[in-house]
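Asks: Here you go, one structure.
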Amino acid sequence: MRIGVVTFPGSLDDRDAQRAVRLAGAEPVALWHGEHDLHGVDALVLPGGFSYGDYLRAGAIASLSPIMAEVIDAANKGMPVLGICNGFQMLAEAHLLEGGLIRNDHGRFICRDQKLRIENNATDWTSGFSAGQEITIPLKNGEGGFTASAETIARLEGEGRVVARYLEVNPNGSLNDIAGVSNSRGNVVGLMPHPEHAVEAGFGPDTSDAMRSGVDGLTFFASVIERALVSR
Numbered sequence: 204m205r206i207g208v209v210t211f212p213g214s215l216d217d218r219d220a221q222r223a224v225r226l227a228g229a230e231p232v233a234l235w236h237g238e239h240d241l242h243g244v245d246a247l248v249l250p251g252g253f254s255y256g257d258y259l260r261a262g263a264i265a266s267l268s269p270i271m272a273e274v275i276d277a278a279n280k281g282m283p284v285l286g287i288c289n290g291f292q293m294l295a296e297a298h299l300l301e302g303g304l305i306r307n308d309h310g311r312f313i314c315r316d317q318k319l320r321i322e323n324n325a326t327d328w329t330s331g332f333s334a335g336q337e338i339t340i341p342l343k344n345g346e347g348g349f350t351a352s353a354e355t356i357a358r359l360e361g362e363g364r365v366v367a368r369y370l371e372v373n374p375n376g377s378l379n380d381i382a383g384v385s386n387s388r389g390n391v392v393g394l395m396p397h398p399e400h401a402v403e404a405g406f407g408p409d410t411s412d413a414m415r416s417g418v419d420g421l422t423f424f425a426s427v428i429e430r431a432l433v434s435r
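Quick note, the sequence shown lines up with residues 204 to 435 if you use this note's numbering.
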């Protein structure tokens, strides 16, 4: 399986995402924001960082990059797309996901190991988890507060489209402790925390489950690979 990782000016975690794809067992394909070619990939990752310096709004300019026309078309045709942090902001700005991300309610950038609960394990990116599973992966953002109208929140909750929820502490003021959401089809997922930084034991969060320490994020990437193999 070939998974494309798009680099935008200001991307910081594109190489980390490529490494996560490789460790999960797929071939990472580096894609450039200025192209109109997805090079035949089977899935896409929009990585974290500060695309275009987060001018206007985080992800706003990146959502209009040339390659995003191809990303939107592919997503609407069913291709799995994962937006991580800044990538989540891009997906919201491109209207592939409902809601938006705003400045953290405490007004500061935050970096911490964050506990999450997987609420929806039916998406392309979460099928390897069990429903209700608790994981720990890094979180780092300045504009990570998920917001939406009351009607949209009720619809996301009612349709089971909240993918992950913050546990123990809400780090940024996200409504309903929402850490990630999906589209109605389940192929497009936006996640504010960073699974690509928790893919190898000893290099991710130090949890009490010592033999699995730091690898909770790998399942996001392994899930989409397994789904693709099954569908073939």
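Even glycine gets a Cβ: it sits at the ideal position worked out from N, Cα and C. Computed from a predicted structure; not experimentally measured.
#1: I need the DSSP call for Met414, collapsed to helix, strand or coil.
#2: Are the beta-carbon atoms belonging to Val208 and Gln221 less than 7 Å from one another?
#3: Tell me Tyr439's beta-bridge partners as DSSP assigns them.
#4: In chain order, which alpha helix (DSSP H) runs of at least 4 residues are fully inside the region 221 to 308?
#5: Assign Pro408 to buried or exposed, taking buried as 16 or more other Cβ atoms, counted over all protein chains shown, within 10 Å of its Cβ.
#6: So, Ser254 versus Ala265, is the Cβ gap smaller than 7 Å?
#7: Go through its chain and collect everything with a Cβ distance to Met414's Cβ below 6 Å, but skip five positions before and after it.
#8: Closer than 6 Å by C-beta to Leu432: which residues in its own chain qualify, once you throw out the five before and the five after it? Chain order, please.
Replies: Concretely, from the data shown:
#1: Any reading at Met414 needs caution, since the residue's pLDDT is 48, under 50, leaving its predicted position unreliable; the model's value is listed next. DSSP, reduced to helix, strand and coil, places Met414 within a helical segment of the structure shown.
#2: Between Val208 and Gln221, the C-beta gap is smaller than 7 Å, which places the two residues in contact.
#3: Since the displayed the chain opens at 204 and closes at 435, residue 439 lies outside it and no answer follows.
#4: Uninterrupted alpha helix (DSSP H) stretches at least 4 residues long and entirely within the region 221 to 308 occur at 269 to 279 and 289 to 296, given in chain order.
#5: Buried is the call here.
#6: With respect to the 7 Å criterion, Ser254 and Ala265 are classified as neighbours on the basis of their beta carbons.
#7: Because the pLDDT at Met414 is just 48, under 50, the model does not fix this residue reliably, and the value given afterwards should be weighed accordingly. If we look at Met414 and ignore the five residues flanking it on each side, it has no Cβ neighbours.
#8: Counting only Cβ-Cβ distances below 6 Å, and skipping sequence neighbours, we find nothing.
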